[in-house]
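What follows is a short report on a single structure.
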Amino acid sequence: MRSKRKQKDSQLRDLKEFELEPLMKFNEMSVSEADKILKRSNINMSEKEISDVLALLHTLVKMTLKELISAKN
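Numbering of the sequence shown is given in the numbering used here, commencing with residue 1008 and proceeding in unit increments.
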C-alpha cells in the first residue's frame, strides 16, 4: 500500500514539474483581438478584465493538455 502512495506522489510531483512550453508553441490571443470578438458579441470589458480572462484560459488549456498527455503515459 505504501509503495502505491509513493508512486502516486511521484506521479503528481512529475505532473507539477512537467512543462508543455518546450513541446508546444502556444500562440496567445492579443487583448485587442479578444476585445474585437467580445464587442461583436455585445460584451464590454476593460483591457484588464480581458487580460485576466485570457490568462485564465491560457492556464486552463495548459493544465488540460498536461492532463491529457500525462494520462497517455
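We treat Cβ as the ideally placed atom computed from N, Cα and C, and that holds for glycine.
In this structure, DSSP gives E1056 a helical state, which the three-state scheme calls helix. For the pair E1035 and H1065, the CB atoms are nearer than the 8 Å cut-off.
Membership of E1035 in any alpha helix (DSSP H) is not indicated, and neither H nor E is assigned to it by DSSP. Here the alpha carbon of T1071 sits roughly 10 Å from the alpha carbon of S1077. Contact annotation, L1063 with M1052: C-beta distance approximately 13 Å; criterion of less than 8 Å not satisfied.
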